[in-house]
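Here's the structure, in C-alpha cells; my notes come after.
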Amino acid sequence: MKLYYFPPSPNTRKAHAVAIHLGLPLDLRLIDLQQGEQRTPEFIALNPTGRTPVLQDGDFILWESTAIMQYLASQVPNSLWPEDARSRADIMRWQSWQLAHWHGVCQPLQYENFVKPLLQLGEPDPQVVQEATERFHQEAAVLNDHLAEREFLVGDGLTLADFSVASDLTYAGPGQFPLTDYAPLRAWYARIEALPAWQQTNPRS
Ligand SMILES: N[C@@H](CCC(=O)N[C@@H](CS)C(=O)NCC(=O)O)C(=O)O
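In terms of the working numbering, the sequence shown opens at residue 223 and continues consecutively.
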C-alpha cells in the first residue's frame with residue numbers, strides 16, 4: 223500500500239501512526255505541501271480535494287484520514303478497531319467529534335501561535351486567539367471530564383479514537399494550547415506520546 227503523505231501534518235500523522243502500530247508496511251510517497259505538490263494534476267487525479275494523506279491499495283484509492291485509519295485497521299485483527307458494533311460506534315463518535323469540533327478549536331491556535339511566526343506570515347491576531355481559546359476550553363473540558371476516570375477514550379485500551387484526538391495535540395506546545403487546568407487530558411496525551419508509533423511520527427523530533 224502507498225501512503226501519499228506530508229510528515230508535518232497531523233492528519234498524515236494519525237494514519238501513519240496506525241500503520242506503524244499495526245506493523246503494516248507502507249510505501250511512503252512525500253507530497254510536499256510547501257512546494258504545492260498537492261495541486262499537481264497527478265495528485266489531483268488521486269484526490270480531487272488536493273489534500274494529504276491519500277492511501278492507494280492496488281486500484282483502490284482512499285482519501286480522508288479517518289477512513290484511511292479504519293481501512294488500515296481492517297487489514298489485520300487488532301484491538302485498535304474492535305469487531306463489535308458498540309465499540310466501533312463509540313470510536314466513530316470520538317473520531318467524528320475530532321473532525322467536527324476538536325480540530326476546529328486546535329487549528330486556529332496552532333496557526334496563529336505557531337505557523338504564522340514560523341512562516342513569517344505576521345503576528346498572531348489577538349481576537350482570533352481569544353475566540354479560539356474560549357472555544358478550546360469548551361471542548362477541552364469535555365475531553366478532560368471523559369478522561370478523568372479512564373486511561374483511554376474508548377473501553378480499556380488504545381483505539382483509533384486516541385490516535386485521532388491526539389493528532390491535534392501534535393503542536394500543543396508551540397501552539398500554546400491552554401492545557402494547564404486539564405491534568406487527566408495531559409496524562410492521557412503523555413500515554414499516547416510514549417507509544418513508539420507516536421514517537422516515530424513526531425514531526426518535531
Ligand atoms: N479532512 C481531511 C483533512 C486533510 C487536510 O486538511 N490535509 C492538509 C494537511 S494537514 C492538506 O493536505 N492541506 C493542503 C492544502 O490545503 O493545500 C483528512 O482528515 O484527511
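Quick reminder that beta carbons are idealized off the backbone N, C-alpha and C, glycines included.
- S427 and V376 have their alpha carbons spaced roughly 28 Å apart.
- Distance from the CA of V364 to the CA of D249, rounded to the nearest whole angstrom, comes to 37 Å.
- For a cut-off of 8 Å, the C-beta gap from S389 to K224 is around 21 Å, too long to register as a contact.
- Per DSSP, reduced to three states, the secondary structure at L250 is strand.
- The Cβ-Cβ distance between L382 and W319 does not fall below 7 Å.
- Unbroken alpha helix (DSSP H) runs of no fewer than 4 residues, entirely contained in the segment 379-418, are found at 382-389, 405-415, following chain order.
- Contact check between the segment 389-402 and the segment 226-235: three or more CB pairs, one atom from each, fall below 8 Å, which counts as touching.
- The DSSP-derived three-state label of D279 is strand.
- Here L341 is exposed. Its C-beta has fewer than 16 other C-beta atoms within 10 Å.
- Of the candidates N335, S296, H323, the residue whose Cα lies closest to the Cα of V350 is N335.
- When only Cα atoms are considered, M291 and V240 end up about 6 Å apart.
- Residue environment: S301 is assigned as exposed (fewer than 16 neighbouring CB atoms within 10 Å of its CB, all protein chains considered).
- Rounded to whole angstroms, H368 and P406 show a C-alpha spacing of 9 Å.
- The C-beta separation of T288 from Q317 comes to about 5 Å, placing the pair in contact by the 8 Å criterion.
- Bounds of the beta strand (DSSP E) holding Y227 are 224-227.
- Placement of the Cβ of L248 at a distance of 6 Å or more from every heavy atom of ligand 1 is found.
- Distances from the CB of Q260 to the heavy atoms of ligand 1 include at least one below 6 Å.
- Just so you know, the alpha carbons of P418 and L244 end up roughly 11 Å apart.
- In the DSSP assignment, T234 falls within the alpha helix (DSSP H) that extends over 232-244.
- Excluding the 5 residues flanking it on each side, R357 has same chain C-beta neighbours closer than 7 Å at V327, in chain order.
- Contact annotation: P275 and Y227 have beta-carbon atoms nearer than 7 Å.
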